[in-house]
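Quick note, the sequences are listed as chains Y and D, same order. The first sequence: position 2 = 2 (my numbering), numbered continuously. The second sequence: position 118 = 118 (my numbering), numbered continuously. Everything on this sheet refers to the single structure shown next.
Protein chains: 2
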Amino acid sequence: MNTVTPRIFIVEDDDAVRESLQLVLESLGHTVSAFASAGDFLATFNTDLAGCLVLDIRMPGMNGMELQRKLNDSNSMLPIIFVTGHGDVPMAVEAMQQGAFDFIQKPYREQQLLEKIERALALDKENRESLHQRQAILAHLEELTPREMDVLLLMIEGKANKVIAADLDISQRTVEIHRARVMEKLRANSLAHLVRMVLAIDPQVLQSLRATD
Amino acid sequence: MNTVTPRIFIVEDDDAVRESLQLVLESLGHTVSAFASAGDFLATFNTDLAGCLVLDIRMPGMNGMELQRKLNDSNSMLPIIFVTGHGDVPMAVEAMQQGAFDFIQKPYREQQLLEKIERALALDKENRESLHQRQAILAHLEELTPREMDVLLLMIEGKANKVIAADLDISQRTVEIHRARVMEKLRANSLAHLVRMVLAIDPQVLQSLRATD
DNA sequence: TACAGTATACGTAGTTTTACGCATGGCCTA
DNA sequence: TAGGCCATGCGTAAAACTACGTATACTGTA
C-alpha cells in the first residue's frame with residue numbers, strides 16, 4: 001500500500017508569512033513543505049501526495065486559482081484552504097465551487113487556520129482511504145481477460161449462467177469457468193461481495209444498469 | 001410517481017426587486033412563487049417541491065442563511081442561489097459550504113442570474129430523478145418485517161442461507177422463506193439486483209460492510 | 001523453430017446452494 | 001377469533017460450484 005506521510009503544503013509568496021506558518025505547524029508536529037510560487041509546488045506535485053494545501057491567491061506568476069484549476073485537471077484530491085488578503089466574493093464563490101475546502105481572509109486568527117487545517121487533513125485521510133480501496137479493486141479488475149470482463153458485467157446484471165452462456169453464445173460450462181476466475185481474481189467470496197466491490201469503484205455502473213432492470 | 005411542476009421560489013423582501021424578477025421569469029415560461037419573507041416561504045415548504053430557490057440574505061425576521069440551515073435540517077435538496085447586496089467573503093464561504101448552488105452580489109447582470117437559475121433547475125431535476133428511484137426502493141424496504149430485514153442484511157454480506165440460519169439461530173428453511181419474501185417485496189429479480197438496489201439507497205451500507213469482508 | 005504461457009472453449013460427474021410447494025404450529029394484536 | 005409474523009419439517013427441481021481432463025490458437029522467447 002502506498003502510504004505517504006501526510007504533509008501540509010504551503011504555497012505563499014510572502015516569505016515572512018510562509019516561514020512563520022511553517023514553523024508553527026512544524027512545532028505542532030506536522031510535516032510541512034513550503035513553496036514561494038505555484039510553479040515550484042506544481043513541479044513536485046503528484047497525485048499520491050497526502051495532506052492538504054494552504055494556498056495564497058494573489059502571487060506573482062501563476063495565481064492560486066489557476067493552480068487550483070491545474071490540480072483539478074490532474075485529478076488532485078488535496079483539500080485546498082485558500083488564504084488571501086485581497087479576496088472578493090465572486091472569487092471565494094468560484095473557489096468553493098471548484099471544490100476548495102475553505103477560503104479565509106487575512107488577517108486571520110491563527111487558531112482558526114490551524115483548526116481548518118486539522119479538518120482538511122482528516123478529510124483527506126478519509127478520502128484517501130476509500131480511494132485506496134477502490135484502487136485495489138481496480139488493480140484486480142485489470143487482471144481480468146476480456147472474456148472474463150464480459151462475464152463479470154453479465155454477472156452483475158444478475159443473469160444466470162445459462163443466460164450468460166446464451167448471451168455470449170458459449171457453453172454454460174465455459175461461463176462457469178470464467179465466473180470462477182472472476183471471483184478468484186477479484187478476491188470475492190460471494191456474488192454479493194463482488195457486486196459491492198464493482199459498485200464501489202464505479203457507481204456509474206449502477207446508473208447504466210438501472211435502465212436494464 | 002410524485003411529479004411536481006418545477007417552480008422557481010423567490011424569497012426577497014424588496015417588493016420591486018421581487019416582483020420584477022418574478023415577471024421576467026414568468027415571461028420566460030417559468031412557474032414562480034414569490035415570498036416577502038423567509039417565514040412565509042417556510043410555511044408552504046415541503047421536501048416535494050421541485051425547482052430552485054432565489055434567496056436574499058439580508059431580510060427582516062429570518063435571514064437567508066438561517067433559512068438555508070432550516071431547509072438543510074429538513075433535508076431539502078432545493079438548490080439555493082443567494083442574492084445579496086451586502087455579502088462578505090465569510091458569508092459567501094459559509095453559504096457555499098452549506099451547499100448553496102451559487103452566491104451572487106447585487107447589482108448583477110440579469111442574464112447572469114437567469115443562466116444560474118437554469119443550471120440550478122437542471123441540477124434539481126437530476127437530483128430529484130435519482131431521489132425518486134431511491135425513494136421507491138426505500139418504500140419497498142419499509143414493507144419488510146424486522147426478521148426479513150435481518151435476513152436482507154446478511155444476504156447483502158454475501159452469506160449463504162445455512163450461515164444466515166446459524167447466525168440467526170433459526171432453521172435454513174425459515175431463512176429461505178424470509179429470503180424469498182425479501183426478493184418479492186423489493187421486486188428484485190436476482191441477488192445482484194438486490195445488492196445494487198440497497199447500495200443505491202444507502203452507499204453508507206457499503207462502508208459499514210467493507211470492514212467485514 | 002520449438003516451447004512456455006495465456007486465452008478461449010467444452011465435457012462429465014458429484015456436491016452444495018437455492019428456490020419453492022405443501023403442511024403444521026405458536027404468539028400477538030385488532 | 002381472524003390475520004400477520006415467525007418458525008419448522010419434508011421433498012423436488014433447478015442452479016451454481018468444484019474437480020479433473022481435453023483441445024485449439026495466438027504470442028513471445030529461448
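Positions of the beta carbon are idealized from the N, C-alpha and C atoms, including for glycine.
1. Taking just the CA atoms, how far does Val24 (chain Y) sit from Ala200 (chain Y)?
2. Given that Glu255 (chain Y) touches chain D, what residues does it touch there, using C-beta distances under 7 Å?
3. Go ahead and pull the three-state DSSP assignment for Ser37 (chain Y).
4. Under the three-state reduction of DSSP, which class applies to Arg109 (chain D): helix, strand or coil?
5. Determine, using beta carbons only, whether Gly39 (chain D) comes closer than 8 Å to chain Y.
6. So, is Leu28 (chain Y) buried or exposed, given that buried needs 16 or more other C-beta atoms within 10 angstroms?
7. Can you grab the Cα-Cα spacing for the pair Asp13 (chain D) / Ile156 (chain Y), in whole Å?
8. From the DSSP secondary-structure annotation, give me the bridge partner or partners of Ile80 (chain D).
9. Is it buried or exposed for Val198 (chain D), if we count other Cβ within 10 angstroms and need 16 for buried?
10. Excluding the 5 residues preceding and the 5 following Glu148 (chain D) in the sequence, name in chain order all residues of the same chain whose CB lies nearer than 6 Å to its CB.
11. Hey, how far is the Cα of Leu78 (chain Y) from the Cα of Ala166 (chain Y)?
12. So what does DSSP say about Asp169 (chain D), is it helix, strand or coil?
13. Per DSSP, Asp48 (chain Y) forms a beta bridge with which residues?
14. Hey, how far is the Cα of Cys52 (chain Y) from the Cα of Ile80 (chain Y)?
15. Fully enclosed by the stretch 80-149 of chain Y, which beta strand (DSSP E) runs are 3 residues long or longer?
16. Going along the stretch 140-156 of chain D in order, which residues come within less than 9 Å of chain Y, judged by CB to CB distance?
17. Contact criterion: CB-CB distance below 8 Å. Does Pro79 (chain Y) meet it with respect to chain D?
18. Quick one: is Val175 (chain Y) near chain D, going by C-beta distance under 8 Å?
19. In angstroms with no decimal places, state the Cα-to-Cα distance between His217 (chain D) and Leu121 (chain D).
20. In whole angstroms, what separates the C-alpha of Asn161 (chain Y) from that of Glu142 (chain Y)?
21. Going along chain D, which residues have a C-beta under 9 Å from Gly258 (chain Y)?
22. Helix, strand or coil, according to DSSP, for Arg58 (chain D) in the structure here?
23. Figure out for me which residue from Y:Val83, Y:Glu94 and Y:Ile137 has the closest Cα to the Cα of His193 (chain Y).
24. Just by C-beta distance, which residues in the stretch 18-35 of chain D are closer than 8 Å to chain Y?
25. Checking contacts by CB at 8 Å: is Asn214 (chain Y) closer than that to chain D?
26. Does DSSP put Ala211 (chain D) in a helix, a strand or coil?
27. When you compare each of D:Val195, D:Arg196 and D:Asp150 to Glu176 (chain D) by their alpha carbons, which one comes out closest?
28. For Arg7 (chain D), write down the residues that DSSP places opposite it in a beta bridge.
29. Val4 (chain D): buried (16+ other C-beta within 10 angstroms of its C-beta) or exposed?
30. At which residues does the alpha helix (DSSP H) containing Asn72 (chain Y) begin and terminate?
31. Compare the C-beta of Gly158 (chain Y) with all C-beta atoms of chain D and state if any pair is closer than 8 Å.
32. Considering only C-alpha positions, which residue in the set Y:Val54, Y:Ala188 and Y:Ala139 is nearest to Ser33 (chain Y)?
33. Does the distance from the C-beta atom of Val93 (chain D) to that of Asp124 (chain Y) stay below 8 Å?
34. Please list, in chain order, the chain Y residues whose beta carbon lies closer than 7 Å to that of Ile73 (chain D).
35. Name, going along the chain, the residues of the stretch 96-115 of chain D whose beta-carbon falls closer than 8 Å to a beta-carbon of chain Y.
Straight from the coordinates:
1. 39 Å
2. This structure leaves residue 255 (chain Y) out entirely; chain Y is present only between 1 and 213.
3. coil
4. coil
5. no
6. exposed
7. 53 Å
8. D:Leu53
9. buried
10. His178, Arg181 and Val182
11. 47 Å
12. coil
13. Answer is none; Asp48 (chain Y) lacks a bridge partner.
14. 6 Å
15. 80-84 and 102-105
16. Met155 and Ile156
17. no
18. no
19. Coverage of chain D is limited to positions 1 through 213, which leaves residue 217 (chain D) absent and any answer about it impossible.
20. 22 Å
21. It is not possible to answer for residue 258 (chain Y), since the shown part of chain Y is limited to 1 through 213.
22. coil
23. Y:Ile137
24. none
25. Past the edges of chain Y, shown from 1 to 213, lies residue 214 (chain Y), and the structure says nothing about it.
26. Caution is warranted here: a pLDDT of 47 is assigned to Ala211 (chain D), below 50, making its placement in the model unreliable, and the coordinate value is therefore given only provisionally. DSSP places Ala211 (chain D) in coil when its eight states are reduced to three.
27. D:Asp150
28. D:Gly51
29. exposed
30. Gly64 to Asp73
31. yes
32. Y:Val54
33. no
34. Inspection of the sequence shows that residue 73 (chain D) is occupied by Asp rather than by Ile. Chain Y residues near Asp73 (chain D): none, gap ~21 Å exceeds 7 Å.
35. Met96, Gln97, Asp102, Phe103, Ile104 and Gln105
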